[in-house]
Amino acid sequence: MTLSQEQLKQLSVPERLGRVARQWQSVADRELAPLGLTYPRWSAMWKLVRIGDGASQKQLAEALEIELASLMRTLTQLEQQSLVVRRVCPDDGRAKRVYLTDAGHALVKKMEAKILKVRRTLMADIADEDIETVKHVLAIISRNAHQMCSEQKKHDDKQGGDTQ
1 MTLSQEQLKQ LSVPERLGRV ARQWQSVADR ELAPLGLTYP RWSAMWKLVR
51 IGDGASQKQL AEALEIELAS LMRTLTQLEQ QSLVVRRVCP DDGRAKRVYL
101 TDAGHALVKK MEAKILKVRR TLMADIADED IETVKHVLAI ISRNAHQMCS
151 EQKKHDDKQG GDTQ
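The opening position of the sequence shown corresponds to residue 1 in full-length UniProt numbering, with each subsequent residue numbered one higher.
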């Protein structure tokens with residue numbers, strides 16, 4: 001659905017954030033599609049590089065802010081493409097660590113060029129100080145949301161404890 005300029009002006013900040021995030025993801029998905037990657041796959045690989053090869057499945061799921069069960073399917077698909085391997089953690093036999101294969105590392109190099117191209121294109125004509133302002137404002141919103149969620153959880157835990 002295409003929105004008119006007047007409709008766009010009326011969108012709230014959360015709606016605008018969501019819309020821009022979806023547009024950015026859509027552009028990135030199209031740019032990365034020739035590499036045979038869907039959003040869940042390329043984002044898992046990209047995040048693994050950022051948090052460190054050999055992260056546990058749980059750490060990767062938390063970094064991606066998704067459920068572990070959702071990540072498992074993606075990792076299975078990446079394994080089938082020979083892009084990652086999972087190995088049992090030496091410290092905890094129940095946990096598995098995720099590593100990029102040589103093919104995975106090579107693909108990440110190609111991804112990086114495409115992701116940086118998307119970033120440069122979408123942020124063209126935006127002054128560095130404006131980008132820093134946006135990052136600052138988003139960090140404050142994120143901190144406030146995290147704090148509110150923590151307070152809500154404490155309240156919910158307290159309520160649950162009262163009924164037992």
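Built from N, CA and C at the ideal position, the CB exists for glycine as well.
Return the chain-ordered list of same chain residues with a C-beta closer than 8 angstroms to the C-beta of residue i, the five sequence neighbours on each side being excluded.
| i | result |
| --- | --- |
| Val118 | Trp24, Val27, Ala28, Glu31 |
| Arg94 | none |
| Ala139 | none |
| Ala55 | Leu48, Ala63, Arg97, Val98 |
Flag this pair as yes or no: are the beta carbons of residue i and residue j separated by less than 8 angstroms?
| i | j | result |
| --- | --- | --- |
| Leu35 | Lys154 | no |
| Arg19 | Leu11 | yes |
| Val49 | Val108 | yes |
| Leu68 | Ala44 | no |
| Ser82 | Ala103 | yes |
| Val88 | Glu79 | no |
| Ile115 | Met123 | no |
Checking the sheet assignment: what are the DSSP bridge partners for residue i?
| i | result |
| --- | --- |
| Leu100 | Val84 |
| Ser56 | Arg97 |
DSSP state of residue i, grouped into three classes?
| i | result |
| --- | --- |
| Cys149 | helix |
| Pro14 | helix |
| Ser43 | helix |
| Ser142 | helix |
| Met72 | helix |
| Pro34 | helix |
| Thr2 | coil |
| Ile131 | helix |
| Glu112 | helix |
| Ala61 | helix |
| Asp156 | helix |
| Ile51 | helix |
| Ala124 | coil |
| Glu79 | helix |
| residue 166 | In the structure as shown, the chain starts at 1 and stops at 164, and residue 166 therefore has no counterpart that could be examined. |
Excluding the 5 residues preceding and the 5 following residue i in the sequence, name in chain order all residues of the same chain whose CB lies nearer than 7 angstroms to its CB.
| i | result |
| --- | --- |
| Trp42 | Leu32, Met111 |
| Tyr39 | Gln25, Asp29 |
| Gly160 | none |
Contact between the segment 45-61 and the segment 88-98 (3+ Cβ pairs under 8 angstroms): Yes: the two stretches touch, three or more of their Cβ pairs being nearer than 8 angstroms.
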